[in-house]
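Novice:
2 protein chains.
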Amino acid sequence: MFRGTLARRAWEEAAIPLDIPEVVIERLPVYLRVLDRLQRNGHSVISSQDLGEELGVTPAQIRKDLSYFGRFGKQGRGYSIQRLIGELRQILGLERRWSMALVGAGQLGRAIASYRGFGPQGFDLAAIFDASPAVVGTTVAGHTVEHVDSMEDRLRERPVEIGIVAVPAEHAQAVIDQLVGAGVHAILNYAPRAVQVPGHVRVRQIDPAAALQSMTYYLKSEEPALRAPR
Amino acid sequence: MFRGTLARRAWEEAAIPLDIPEVVIERLPVYLRVLDRLQRNGHSVISSQDLGEELGVTPAQIRKDLSYFGRFGKQGRGYSIQRLIGELRQILGLERRWSMALVGAGQLGRAIASYRGFGPQGFDLAAIFDASPAVVGTTVAGHTVEHVDSMEDRLRERPVEIGIVAVPAEHAQAVIDQLVGAGVHAILNYAPRAVQVPGHVRVRQIDPAAALQSMTYYLKSEEPALRAPR
DNA sequence: CTGTGTGAATCCATTCACAGCT
DNA sequence: AGCTGTGAATGGATTCACACAG
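Keeping their order, the protein sequence lines are chains B and D.
Heads up: the first sequence at position 211 corresponds to 211 in my numbering, and the numbers run straight through without jumps.
Heads up: the second sequence at position 88 corresponds to 88 in my numbering, and the numbers run straight through without jumps.
1. Report all residues from its chain with a CB closer than 8 Å to the CB of V34/D; omit the five preceding and five following residues, and keep chain order.
2. Are the CB atoms of Y217/B and G93/D within a distance shorter than 8 Å?
3. Are there three or more Cβ pairs, one per stretch, closer than 8 Å when the region 141-149 of chain B is compared with the region 105-120 of chain B?
4. Grab me the residues of V145/D's own chain with a C-beta within less than 8 Å of its C-beta, minus the 5 sequence neighbours each way, in chain order.
5. Suppose contacts are defined by Cβ-Cβ distances below 8 Å. Is Q213/D in contact with P29/B by that definition?
6. When you compare each of E26/B, I62/B, A126/B, Q82/B to G42/B by their alpha carbons, which one comes out closest?
7. Taking the alpha-carbon of G122/B as reference, which of P208/D, Q178/D, V197/D, E26/D has the nearest alpha-carbon?
8. Taking only beta-carbon atoms, is S99/B less than 8 Å away from chain D?
9. Return the CA-CA distance between S132/D and S99/D, expressed in angstroms with no decimal places.
10. Exposed or buried, L120/D, counting other C-beta atoms within 10 Å across all chains shown (16 or more means buried)?
11. Only counting the same chain, and skipping five residues up and downstream in sequence, which positions put a Cβ closer than 8 Å to that of T58/D?
12. Whole angstroms is fine: what's the gap from L155/B's alpha carbon to M151/D's?
13. Excluding the 5 residues flanking Y79/D on each side, which residues of the same chain have their C-beta closer than 7 Å to its C-beta?
14. For a contact defined as C-beta to C-beta under 7 Å, what are the partners of Q196/B on chain D?
15. For H147/B, list the residues DSSP reports as bridge partners.
16. For the alpha helix (DSSP H) holding G289/B, just list the boundary residues, first then last.
17. Taking V23/B as part of the alpha helix (DSSP H), name the residues at either end of that continuous run.
18. I'd like to confirm the pairing. Which residues does DSSP put opposite S252/D in its beta bridges?
19. Beta-carbon of H185/D versus every beta-carbon of chain B: anything under 8 Å?
20. Is there a Cβ of chain B sitting closer than 8 Å to that of Y217/D, yes or no?
21. Where does V197/B fall in DSSP's three states?
22. Within the same chain, show all residues whose beta-carbon is closer than 8 Å to that of I62/B, passing over the 5 residues directly before and after it, in chain order.
23. Closer than 8 Å, CB to CB, is I206/B near chain D or not?
24. On the DSSP bridge assignment, give the partners of Q205/D in chain order.
25. For V201/D, collect the residues of the same chain with a Cβ closer than 8 Å to its Cβ; drop the 5 residues on either side in sequence, then sort them by chain order.
26. Are the C-beta atoms of V145/D and some chain B residue less than 8 Å apart?
27. Residues in its own chain within less than 7 Å of I85/D by CB, not counting five upstream and five downstream?
28. Verify the CB distance criterion: does K64/B have a CB-CB separation below 8 Å to chain D?
29. Just to make sure I have the definition right: I need the residues of chain B whose C-beta is within less than 8 Å of the C-beta of P192/D. Which are they?
30. Taking only beta carbons into account, state which residues of the region 115-140 of chain D come closer than 9 Å to chain B, listed in chain order.
31. Run through chain B and tell me which residues come within less than 8 Å of P21/D, C-beta to C-beta.
32. Checking contacts by CB at 8 Å: is L6/D closer than that to chain B?
33. Between V148/B and the rest of its own chain, which residues show a CB-CB distance below 8 Å, the 5 nearest in sequence each way excluded?
34. Between which residues of its own chain and A166/D is the CB-CB distance below 6 Å, once the five residues before and five after are set aside?
35. To the nearest angstrom, how far is it from the Cα of S221/B to the Cα of E157/B?
36. Once DSSP output is grouped into helix, strand and coil, what is the label at R3/D?
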């Protein structure tokens, strides 16, 4: 949703896939997380049935999702967890590391810069930019904050694959335009703002307040019944 | 996705709605954000056409989404922005404020506690819990951190509607079970872990690393062509 | 027997297209 | 003349159900 239809590039890698639904791709990282945990807990095979129960997803959905990419299971047994982890990492492009530029070194940006969840999953922060003279030049999470005006030059010298946007909403679109201009094709946007990008650029929105607001819809009809049942 | 089918409560409020698709509910906060901005910029009416362009969504989708809840537009003119903001806030239950308990006062938890995006959208932090003796008793964002073992009692005395989970993945399920036990029906989960909840509880996942991993799928097929086109 | 892989069937969401209001 | 509201049509995604492999 909120993503223009886009002419996907024809497939060039060896493999087979053709035109996989985006929802499927979005589920794969979640499958991967569960499999990692099961492996750490000593499991070595799992059926789509059991995996589905872990995830709250139907077994058929898991089998169908995986079948887009190959035949990884063994009938009568299930899936080798080790094998499946390897396949998913391959599919998602996680056999390599990816580098990111963070724009915005305010309170939110600094929290993102020191978030420990990216590194272990294969993502490295390579540069931090901000527009405020007060923070440019300071050190954040081991990086010297550079001025956002030097961003396009800087990224042309040493490119990154991913941009993280943590600037105030009113500047988000301009910053994203600059990132796209510098050749970035994937953006993680923490600004609470719908942004427009060319069709070949992917955006994922991180918007906790919007997530809360979609839950209050359901809370508002439940609460009265619980509180004043007479 | 990743949410069990659940028997929704029958509608009791006045209004009309019946069984609205969850995707529709998730879009409403985004519509609201754009409308707020347009209003601040001095606009007073907008057509589904123009609103759709702001959002990267078809006009028909916006009209259909809104039509689940009523007839808010004027033919030939469009929608009154002020009116529509009011209706959406009503629908989403944003005419009141909601209170939240945060579990986990580590690096991530502290960042969440001082995140400035919740208050203006109607969400107040009411309590913070942690399990580590090193942080229990300290002050975080104006709240004294309480021990997680006292959480259920504490929340029975002074309930909250929403729980925010920012504990290590291996403790997330246990913490969520406790929150649910204490009567919380909505959870914002920052732990990178699929969790199980009873059907009447809503969970929204905030998982930036998973968001990145679903974008690398597309990057991995684009990059080689850009870098080594010969 | 157990559990995958997959065409077919079903279910759900999006888009179309136009009648009708302003 | 312009734009909403909405049944009908289309397009996708999920689930079913079973042939087949181990």
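Beta carbons are placed, not taken as given, at the ideal position from N, Cα and C, and that holds for glycine.
Specialist: Let's see:
1. Excluding sequence neighbours, V34/D sits near L51, E54, L55.
2. Contact flag set, yes.
3. At 8 Å Cβ cutoff, the stretches touch.
4. Correct list, in chain order: A105, I128, F129, D130, V135, V136, G137, T138, T139.
5. Yes, they are a contact pair.
6. When the alpha-carbon of G42/B is set against those of E26/B, I62/B, A126/B, Q82/B, the nearest one is in Q82/B.
7. Checking every option, the nearest Cα to that of G122/B belongs to P208/D.
8. No, no contact with chain D.
9. When rounded, the distance between both Cα atoms is 24 Å.
10. Going by the sequence as given, residue 120/D is Pro instead of Leu. With fewer than 16 Cβ atoms within 10 Å of its Cβ, P120/D is classed as exposed.
11. Correct list, in chain order: G52.
12. In this structure, the CA atom of L155/B is about 47 Å from the CA atom of M151/D.
13. Excluding residues within five positions, the ones whose Cβ falls inside 7 Å are V45, I46, F72, G73.
14. Within chain D, the residues whose beta carbon sits less than 7 Å from that of Q196/B are G56, listed in sequence order.
15. Paired residue(s): D130/B.
16. The requested residue 289/B is not part of the displayed model; chain B covers only 1 to 230.
17. Its alpha helix (DSSP H) spans residues 22-40.
18. Here chain D covers residues 1 to 230 and nothing more, so residue 252/D does not appear.
19. Among the CB atoms of chain B, one or more fall inside 8 Å of the CB of H185/D.
20. Output row for Y217/D: interface = yes.
21. V197/B falls in the coil class under three-state DSSP.
22. For I62/B, the CB contacts under 8 Å within the same chain, skipping 5 residues up- and downstream, are Y31, S48, L51, G52, L55 in chain order.
23. So yes, I206/B belongs to the interface.
24. Beta-bridge analysis with DSSP links Q205/D to N189/D.
25. Non-local C-beta neighbours of V201/D in its own chain, meaning closer than 8 Å and more than five positions away in sequence, comprise V180, V184, H185, A186, I187, ordered along the chain.
26. Chain B, which has no Cβ nearer than 8 Å to the Cβ of V145/D, makes this no.
27. The beta carbon of I85/D sits closer than 7 Å to those of L32, L35, D36, Q39, all from its chain and outside the five residues before and after it, given in chain order.
28. K64/B does not count as touching chain D.
29. The answer, in chain order, is R33, G117.
30. Listed in sequence order: Y115, R116, G117, F118, P120, Q121, G122, F123.
31. Contact of P21/D with chain B by beta-carbon distance below 8 Å is absent, the smallest such distance being about 11 Å.
32. Note that L6/D scores 30 on pLDDT, short of 50, meaning its location in the model is unreliable and no value can be drawn from it.
33. Counting only Cβ-Cβ distances below 8 Å, and skipping sequence neighbours, we find V103, F129, D130, A131, V175, Q178.
34. Answer for A166/D: G104, L108, G109, I112, Y190, listed in chain order.
35. Approximately 55 Å, taken between the alpha carbons.
36. Note that R3/D scores a pLDDT of 37, beneath 50, so its modelled location is shaky and nothing firm can be said.
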